[in-house]
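Chemist:
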Amino acid sequence: EVGLVAGLIAVLYRYMLSVAEDGLNKVLTFVHGSWWKIAIWFGILWLIGTFVSYIIKWEPAAGGSGIPQVTGEVKGRMSPSWWKVLVAKLIGGTASVFAGLSLGREGPSVQLGGMAAKGVAKITKADKTTELRMISCGAGAGMAAAFNAPLAGIMFVLEEIHHSFDKNILCMGIVSAVTADYISKLFFGQNTVFNYDTVNFPLKYYWLLIIMGFLLGLCGCAYNVCMGKAQDLYKKIKIPNYVKMPIIFIFSGVVGLVMPQILCGGHSMEIILLKENPSLTYLIVLLTTKFLFFAVCFASGAPGGTLYPL
1400 EVGLVAGLIA VLYRYMLSVA EDGLNKVLTF VHGSWWKIAI WFGILWLIGT
1450 FVSYIIKWEP AAGGSGIPQV TGEVKGRMSP SWWKVLVAKL IGGTASVFAG
1500 LSLGREGPSV QLGGMAAKGV AKITKADKTT ELRMISCGAG AGMAAAFNAP
1550 LAGIMFVLEE IHHSFDKNIL CMGIVSAVTA DYISKLFFGQ NTVFNYDTVN
1600 FPLKYYWLLI IMGFLLGLCG CAYNVCMGKA QDLYKKIKIP NYVKMPIIFI
1650 FSGVVGLVMP QILCGGHSME IILLKENPSL TYLIVLLTTK FLFFAVCFAS
1700 GAPGGTLYPL
(Lines of atoms letter the chains of each structure in order from A and count residues from 1; the text may use other names and numbers.)
(Lines give C-alpha, C1' and ligand atoms only; values in the text may rest on other atoms or scores of the structure.)
Protein backbone atom coordinates (compact mmCIF):
# COMPACT_ATOMS: atom_id res chain seq x y z
CA GLU A 1 0.00 0.00 0.00
CA VAL A 2 2.79 2.41 0.88
CA GLY A 3 4.65 1.84 -2.40
CA LEU A 4 1.43 2.14 -4.40
CA VAL A 5 0.17 5.36 -2.80
CA ALA A 6 3.60 7.01 -2.54
CA GLY A 7 4.36 6.04 -6.14
CA LEU A 8 1.11 7.55 -7.42
CA ILE A 9 1.67 10.82 -5.54
CA ALA A 10 5.28 11.08 -6.77
CA VAL A 11 4.16 10.33 -10.33
CA LEU A 12 1.50 13.05 -10.08
CA TYR A 13 4.12 15.56 -8.90
CA ARG A 14 6.55 14.54 -11.62
CA TYR A 15 3.82 15.02 -14.23
CA MET A 16 2.78 18.40 -12.80
CA LEU A 17 6.38 19.63 -12.93
CA SER A 18 6.79 18.53 -16.56
CA VAL A 19 3.58 20.39 -17.49
CA ALA A 20 4.79 23.45 -15.57
CA GLU A 21 8.16 23.46 -17.34
CA ASP A 22 6.55 23.05 -20.75
CA GLY A 23 4.16 25.87 -19.90
CA LEU A 24 7.06 28.11 -18.86
CA ASN A 25 8.84 27.51 -22.17
CA LYS A 26 5.68 28.48 -24.06
CA VAL A 27 5.29 31.64 -21.97
CA LEU A 28 8.91 32.69 -22.58
CA THR A 29 8.45 32.16 -26.31
CA PHE A 30 5.21 34.17 -26.24
CA VAL A 31 6.63 37.19 -24.35
CA HIS A 32 9.96 37.28 -26.18
CA GLY A 33 10.64 40.69 -27.74
CA SER A 34 7.50 42.38 -26.39
CA TRP A 35 8.00 44.72 -23.43
CA TRP A 36 4.32 44.94 -22.51
CA LYS A 37 4.02 41.15 -22.50
CA ILE A 38 7.16 40.93 -20.35
CA ALA A 39 5.69 43.48 -17.92
CA ILE A 40 2.52 41.41 -17.61
CA TRP A 41 4.60 38.26 -17.09
CA PHE A 42 6.58 39.94 -14.32
CA GLY A 43 3.32 40.94 -12.67
CA ILE A 44 2.16 37.32 -12.83
CA LEU A 45 5.47 36.19 -11.34
CA TRP A 46 5.00 38.60 -8.44
CA LEU A 47 1.53 37.15 -7.79
CA ILE A 48 2.87 33.58 -7.98
CA GLY A 49 5.66 34.46 -5.53
CA THR A 50 3.16 35.99 -3.12
CA PHE A 51 0.92 32.94 -3.47
CA VAL A 52 3.80 30.54 -2.73
CA SER A 53 4.84 32.60 0.32
CA TYR A 54 1.34 32.26 1.76
CA ILE A 55 1.30 28.53 1.03
CA ILE A 56 4.49 28.15 3.08
CA LYS A 57 3.00 30.30 5.83
CA TRP A 58 -0.07 28.05 5.83
CA GLU A 59 2.10 24.93 6.08
CA PRO A 60 5.74 25.74 6.96
CA ALA A 61 6.79 22.09 6.68
CA ALA A 62 6.18 22.29 2.93
CA GLY A 63 9.03 24.75 2.35
CA GLY A 64 12.45 23.79 1.03
CA SER A 65 13.39 20.35 -0.19
CA GLY A 66 11.41 18.34 2.37
CA ILE A 67 14.14 15.88 3.28
CA PRO A 68 15.04 17.52 6.63
CA GLN A 69 11.34 17.50 7.53
CA VAL A 70 11.04 13.76 6.87
CA THR A 71 14.22 13.10 8.86
CA GLY A 72 12.88 15.23 11.70
CA GLU A 73 9.61 13.33 11.78
CA VAL A 74 11.29 9.93 11.75
CA LYS A 75 13.40 11.09 14.72
CA GLY A 76 10.32 12.31 16.57
CA ARG A 77 11.13 16.03 16.42
CA MET A 78 8.10 17.18 14.41
CA SER A 79 4.74 15.92 13.20
CA PRO A 80 3.13 18.06 10.49
CA SER A 81 -0.30 17.43 9.02
CA TRP A 82 0.23 14.92 6.23
CA TRP A 83 -2.58 16.17 3.99
CA LYS A 84 -1.61 19.84 4.35
CA VAL A 85 1.97 19.02 3.35
CA LEU A 86 0.75 17.06 0.32
CA VAL A 87 -1.47 19.91 -0.87
CA ALA A 88 1.09 22.65 -0.17
CA LYS A 89 4.00 20.76 -1.73
CA LEU A 90 2.16 19.76 -4.88
CA ILE A 91 0.82 23.25 -5.54
CA GLY A 92 3.78 25.25 -4.25
CA GLY A 93 6.39 23.12 -6.01
CA THR A 94 4.55 23.24 -9.32
CA ALA A 95 4.08 27.01 -9.08
CA SER A 96 7.78 27.52 -8.30
CA VAL A 97 8.90 25.50 -11.31
CA PHE A 98 6.39 27.28 -13.56
CA ALA A 99 8.06 30.51 -12.44
CA GLY A 100 11.43 29.07 -13.51
CA LEU A 101 13.08 28.63 -10.11
CA SER A 102 16.06 26.28 -10.26
CA LEU A 103 14.66 23.54 -8.03
CA GLY A 104 14.47 19.78 -8.40
CA ARG A 105 11.89 17.12 -7.65
CA GLU A 106 13.77 14.60 -5.52
CA GLY A 107 13.38 16.30 -2.13
CA PRO A 108 9.68 17.03 -2.61
CA SER A 109 9.13 13.50 -3.93
CA VAL A 110 10.77 12.10 -0.80
CA GLN A 111 8.54 14.24 1.41
CA LEU A 112 5.42 13.55 -0.64
CA GLY A 113 6.08 9.81 -0.46
CA GLY A 114 6.64 10.02 3.28
CA MET A 115 3.47 12.04 3.89
CA ALA A 116 1.42 9.76 1.65
CA ALA A 117 2.68 6.82 3.73
CA LYS A 118 1.77 8.70 6.91
CA GLY A 119 -1.73 9.14 5.54
CA VAL A 120 -1.98 5.41 4.92
CA ALA A 121 -0.74 4.78 8.47
CA LYS A 122 -3.35 7.14 9.93
CA ILE A 123 -6.18 5.63 7.90
CA THR A 124 -5.18 2.05 8.80
CA LYS A 125 -4.60 3.11 12.44
CA ALA A 126 -1.06 1.72 12.57
CA ASP A 127 0.91 2.03 15.79
CA LYS A 128 3.57 4.73 16.09
CA THR A 129 6.55 2.46 15.39
CA THR A 130 4.91 1.07 12.28
CA GLU A 131 3.90 4.55 11.19
CA LEU A 132 7.49 5.80 11.34
CA ARG A 133 8.68 2.79 9.36
CA MET A 134 5.97 3.41 6.79
CA ILE A 135 7.05 7.06 6.50
CA SER A 136 10.65 5.95 5.88
CA CYS A 137 9.58 3.45 3.23
CA GLY A 138 7.26 6.02 1.63
CA ALA A 139 10.17 8.46 1.41
CA GLY A 140 12.27 5.86 -0.39
CA ALA A 141 9.35 5.02 -2.66
CA GLY A 142 9.00 8.70 -3.57
CA MET A 143 12.67 8.87 -4.52
CA ALA A 144 12.34 5.66 -6.57
CA ALA A 145 9.34 6.99 -8.49
CA ALA A 146 10.96 10.39 -9.09
CA PHE A 147 13.95 8.94 -10.94
CA ASN A 148 12.94 5.37 -11.85
CA ALA A 149 15.62 4.21 -9.41
CA PRO A 150 14.42 1.74 -6.75
CA LEU A 151 17.92 0.92 -5.46
CA ALA A 152 18.65 4.62 -4.99
CA GLY A 153 15.37 4.96 -3.11
CA ILE A 154 16.09 2.32 -0.49
CA MET A 155 19.75 3.31 -0.13
CA PHE A 156 18.67 6.90 0.38
CA VAL A 157 16.46 5.91 3.31
CA LEU A 158 19.17 3.84 5.00
CA GLU A 159 21.97 6.31 4.39
CA GLU A 160 20.36 9.74 4.58
CA ILE A 161 17.42 9.32 6.96
CA HIS A 162 18.36 6.47 9.31
CA HIS A 163 22.17 6.54 9.01
CA SER A 164 22.12 2.82 9.82
CA PHE A 165 21.48 -0.58 8.26
CA ASP A 166 18.06 -1.56 9.61
CA LYS A 167 17.00 -4.95 8.23
CA ASN A 168 13.32 -4.21 8.87
CA ILE A 169 13.50 -0.97 6.92
CA LEU A 170 15.54 -2.70 4.22
CA CYS A 171 12.95 -5.43 3.59
CA MET A 172 9.95 -3.11 3.76
CA GLY A 173 11.75 -0.44 1.78
CA ILE A 174 12.68 -2.74 -1.08
CA VAL A 175 9.04 -3.76 -1.58
CA SER A 176 7.86 -0.14 -1.42
CA ALA A 177 10.57 1.20 -3.73
CA VAL A 178 10.10 -1.53 -6.36
CA THR A 179 6.32 -1.03 -6.29
CA ALA A 180 6.68 2.74 -6.69
CA ASP A 181 9.20 2.26 -9.49
CA TYR A 182 6.76 -0.06 -11.28
CA ILE A 183 3.99 2.54 -10.95
CA SER A 184 6.33 5.19 -12.35
CA LYS A 185 7.30 3.03 -15.31
CA LEU A 186 3.63 2.41 -16.12
CA PHE A 187 3.16 6.14 -16.62
CA PHE A 188 6.53 7.31 -17.98
CA GLY A 189 7.94 4.22 -19.69
CA GLN A 190 11.05 2.19 -18.94
CA ASN A 191 13.69 4.66 -20.07
CA THR A 192 15.94 6.04 -17.38
CA VAL A 193 15.56 9.72 -16.46
CA PHE A 194 19.08 10.47 -17.73
CA ASN A 195 18.89 8.62 -21.02
CA TYR A 196 21.91 8.88 -23.30
CA ASP A 197 24.10 6.76 -25.58
CA THR A 198 27.32 5.47 -24.06
CA VAL A 199 30.70 4.86 -25.62
CA ASN A 200 33.72 2.93 -24.42
CA PHE A 201 35.97 5.19 -22.37
CA PRO A 202 39.63 4.59 -23.30
CA LEU A 203 41.70 3.26 -20.41
CA LYS A 204 44.48 5.74 -21.12
CA TYR A 205 42.13 8.59 -20.11
CA TYR A 206 41.00 7.10 -16.80
CA TRP A 207 43.27 9.50 -14.93
CA LEU A 208 40.86 12.27 -16.00
CA LEU A 209 38.16 10.63 -13.86
CA ILE A 210 40.31 11.14 -10.76
CA ILE A 211 40.65 14.84 -11.56
CA MET A 212 36.92 15.08 -12.31
CA GLY A 213 36.02 13.43 -9.01
CA PHE A 214 38.34 15.78 -7.12
CA LEU A 215 36.90 18.88 -8.81
CA LEU A 216 33.30 17.74 -8.31
CA GLY A 217 34.03 17.09 -4.65
CA LEU A 218 35.39 20.62 -4.27
CA CYS A 219 32.36 22.03 -6.07
CA GLY A 220 30.05 20.06 -3.79
CA CYS A 221 31.77 21.40 -0.68
CA ALA A 222 31.71 24.93 -2.11
CA TYR A 223 28.02 24.63 -2.85
CA ASN A 224 27.22 23.51 0.69
CA VAL A 225 28.97 26.62 1.99
CA CYS A 226 27.36 28.84 -0.64
CA MET A 227 23.89 27.45 0.05
CA GLY A 228 24.27 28.00 3.78
CA LYS A 229 25.53 31.56 3.32
CA ALA A 230 22.69 32.33 0.92
CA GLN A 231 20.11 31.06 3.40
CA ASP A 232 21.66 33.12 6.20
CA LEU A 233 21.68 36.22 4.01
CA TYR A 234 18.05 35.69 3.00
CA LYS A 235 17.01 35.41 6.65
CA LYS A 236 18.86 38.62 7.54
CA ILE A 237 16.78 40.65 5.10
CA LYS A 238 14.25 42.18 7.51
CA ILE A 239 11.23 42.43 5.26
CA PRO A 240 8.16 40.16 5.23
CA ASN A 241 8.47 36.91 3.31
CA TYR A 242 5.46 37.83 1.17
CA VAL A 243 7.69 40.62 -0.20
CA LYS A 244 11.04 38.82 -0.26
CA MET A 245 9.85 35.72 -2.08
CA PRO A 246 8.15 37.55 -5.00
CA ILE A 247 11.45 39.40 -5.55
CA ILE A 248 13.13 36.01 -6.11
CA PHE A 249 10.39 35.10 -8.57
CA ILE A 250 10.89 38.38 -10.45
CA PHE A 251 14.64 37.67 -10.51
CA SER A 252 13.83 34.29 -12.05
CA GLY A 253 11.86 36.13 -14.73
CA VAL A 254 14.88 38.29 -15.53
CA VAL A 255 17.09 35.20 -15.73
CA GLY A 256 14.54 33.62 -18.05
CA LEU A 257 14.89 36.51 -20.48
CA VAL A 258 18.70 36.51 -20.37
CA MET A 259 19.64 32.85 -19.92
CA PRO A 260 16.64 30.47 -19.99
CA GLN A 261 18.97 27.44 -20.17
CA ILE A 262 19.55 27.55 -16.40
CA LEU A 263 15.89 27.70 -15.38
CA CYS A 264 14.04 24.90 -13.57
CA GLY A 265 15.68 21.64 -12.60
CA GLY A 266 18.14 21.28 -15.44
CA HIS A 267 16.46 19.45 -18.34
CA SER A 268 17.44 22.18 -20.83
CA MET A 269 21.07 22.03 -19.73
CA GLU A 270 21.02 18.25 -19.98
CA ILE A 271 19.99 18.50 -23.64
CA ILE A 272 22.73 21.05 -24.31
CA LEU A 273 25.40 18.85 -22.73
CA LEU A 274 24.30 15.61 -24.39
CA LYS A 275 23.18 16.70 -27.86
CA GLU A 276 25.27 19.78 -28.61
CA ASN A 277 29.01 20.43 -28.49
CA PRO A 278 29.31 23.51 -26.25
CA SER A 279 32.59 25.39 -25.98
CA LEU A 280 34.59 25.43 -22.75
CA THR A 281 33.71 29.09 -22.20
CA TYR A 282 30.00 28.36 -22.55
CA LEU A 283 30.31 25.43 -20.14
CA ILE A 284 31.97 27.64 -17.53
CA VAL A 285 29.24 30.27 -17.94
CA LEU A 286 26.54 27.61 -17.57
CA LEU A 287 28.19 26.17 -14.46
CA THR A 288 28.73 29.52 -12.77
CA THR A 289 25.30 30.98 -13.48
CA LYS A 290 23.44 27.78 -12.61
CA PHE A 291 25.46 27.48 -9.39
CA LEU A 292 24.58 31.01 -8.24
CA PHE A 293 20.98 31.00 -9.45
CA PHE A 294 20.37 27.65 -7.75
CA ALA A 295 21.71 28.99 -4.44
CA VAL A 296 19.43 32.04 -4.63
CA CYS A 297 16.36 29.94 -5.42
CA PHE A 298 17.00 27.41 -2.66
CA ALA A 299 17.72 30.14 -0.10
CA SER A 300 14.22 31.52 -0.60
CA GLY A 301 12.69 28.43 0.97
CA ALA A 302 10.40 27.82 -2.00
CA PRO A 303 9.25 24.18 -2.31
CA GLY A 304 11.82 22.30 -4.35
CA GLY A 305 14.78 19.96 -4.17
CA THR A 306 18.51 20.07 -4.88
CA LEU A 307 19.50 16.85 -6.61
CA TYR A 308 18.49 17.51 -10.20
CA PRO A 309 20.14 20.96 -10.34
CA LEU A 310 23.25 19.58 -8.60
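Counting the sequence shown from 1 gives a position; our numbering is that position plus 1399.
All C-beta atoms in this analysis are idealised placements derived from N, C-alpha and C, irrespective of residue type, glycine included.
What did DSSP end up calling GLY1512 once you bin it into helix, strand or coil?
Modeler: As a position in the sequence shown, residue 1512 is number 113, starting the count at 1. In this structure, GLY1512 counts as helix in the three-state DSSP scheme.
Chemist: Determine the contact status of ALA1405 and GLY1537, defining contact as a CB-CB distance below 7 Å.
Modeler: Within the sequence shown, residue 1405 is the residue found at index 6, counting from 1. Within the sequence shown, residue 1537 is the residue found at index 138, counting from 1. Yes; because the gap between Cβ atoms is below 7 Å, this pair is in contact.
Chemist: Quick check on the burial criterion: 16 or more other C-beta atoms within 10 angstroms. Buried or exposed for ILE1568?
Modeler: Counting from one through the sequence shown, the residue named residue 1568 turns up at place 169. Result: buried.
Chemist: Look at the alpha carbon of ALA1701 and the alpha carbon of GLY1492, and state the distance between them as a whole number of angstroms.
Modeler: The count along the sequence shown starts at 1 and reaches residue 1701 at position 302. The count along the sequence shown starts at 1 and reaches residue 1492 at position 93. The straight-line gap from Cα to Cα measures roughly 7 Å.
Chemist: Less than 7 Å between the beta carbons of ILE1649 and PHE1441, yes or no?
Modeler: As a position in the sequence shown, residue 1649 is number 250, starting the count at 1. As a position in the sequence shown, residue 1441 is number 42, starting the count at 1. Closer than 7 Å, so yes.
Chemist: Could you spell out the range, first to last residue, of the alpha helix (DSSP H) harbouring THR1688?
Modeler: Along the sequence shown, read from residue 1 onward, the residue named residue 1688 stands at position 289. Per DSSP, THR1688 belongs to the alpha helix (DSSP H) from 1679-1698.
Chemist: Check whether the stretch 1648-1668 touches the stretch 1692-1700, counting contact only when three or more Cβ pairs, one atom from each stretch, lie closer than 8 Å.
Modeler: Yes, since at least three Cβ pairs between the stretch 1648-1668 and the stretch 1692-1700 fall closer than 8 Å, the two stretches touch.
Chemist: Near ILE1400, which residues of its chain fall below 6 Å by C-beta distance, leaving aside the five closest residues on each side in sequence?
Modeler: Taking the first residue of the sequence shown as position 1, residue 1400 is located at position 1. The question names Ile, but residue 1400 is Glu in the sequence shown. Here the set comprises VAL1519.
Chemist: Taking all protein chains shown into account, decide if SER1508 is buried (16 or more other Cβ within 10 angstroms of its Cβ) or exposed.
Modeler: Residue 1508 sits at position 109 when you count from the first residue of the sequence shown. The residue is buried, with at least 16 neighbouring Cβ atoms inside 10 Å.
Chemist: Any idea which residues DSSP pairs GLY1704 with across the strands?
Modeler: By one-based count along the sequence shown, residue 1704 stands at place 305. GLY1704 pairs with GLY1503.
Chemist: Which stretch, first to last residue, makes up the alpha helix (DSSP H) that contains ASN1623?
Modeler: Along the sequence shown, read from residue 1 onward, the residue named residue 1623 stands at position 224. Per DSSP, ASN1623 belongs to the alpha helix (DSSP H) from 1606-1635.
Chemist: DSSP on THR1449, reduced to helix/strand/coil?
Modeler: Along the sequence shown, read from residue 1 onward, the residue named residue 1449 stands at position 50. Reduced to three states, the DSSP call for THR1449 is helix.
Chemist: When burial is assigned at 16 or more other CB atoms within 10 Å of the CB, is GLY1422 buried or exposed?
Modeler: Locating residue 1422 in the sequence shown gives position 23, where the first residue counts as 1. With fewer than 16 other Cβ atoms within 10 Å, it is exposed.
Chemist: Would you mind reading off the limits of the alpha helix (DSSP H) that contains PHE1587?
Modeler: Working through the sequence shown from its first residue, we reach residue 1587 at position 188. Residues 1566-1587.
Chemist: Decide if VAL1653 is buried, meaning its Cβ has at least 16 other Cβ atoms within 10 Å, or exposed.
Modeler: Numbered from its first residue, the sequence shown carries residue 1653 at position 254. Answer is exposed; the Cβ neighbour count stays below 16.
Chemist: Evaluate LYS1566 with the Cβ neighbour count: other Cβ atoms within 10 Å of its Cβ, from every protein chain shown; 16 or more gives buried, anything less gives exposed.
Modeler: Along the sequence shown, one-based indexing puts residue 1566 at 167. That one is exposed.
Chemist: Determine the closest residue to SER1651 out of SER1583, LEU1444, LEU1615 and ALA1543, with distance taken between C-alpha atoms.
Modeler: Counting from 1 along the sequence shown, the entry for residue 1651 is found at position 252. For the residues SER1583, LEU1444, LEU1615 and ALA1543, the minimum Cα distance to SER1651 belongs to LEU1444.
Chemist: Whose C-beta lies closer than 7 Å to the C-beta of MET1571 among residues of the same chain, with five residues either side of it excluded?
Modeler: Walking along the sequence shown from the start, residue 1571 turns up at place 172. Here the set comprises ARG1532 and CYS1536.
Chemist: Less than 7 Å separating the beta-carbons of GLY1471 and TYR1707?
Modeler: Taking the sequence shown and counting its residues from 1, one reaches residue 1471 at position 72. Taking the sequence shown and counting its residues from 1, one reaches residue 1707 at position 308. No.
Chemist: If we ignore side chains and look at the alpha-carbon of each, how far apart do VAL1624 and ILE1439 end up?
Modeler: Counting from 1 along the sequence shown, the entry for residue 1624 is found at position 225. Counting from 1 along the sequence shown, the entry for residue 1439 is found at position 40. Answer to the nearest angstrom: the Cα atoms are 36 Å apart.
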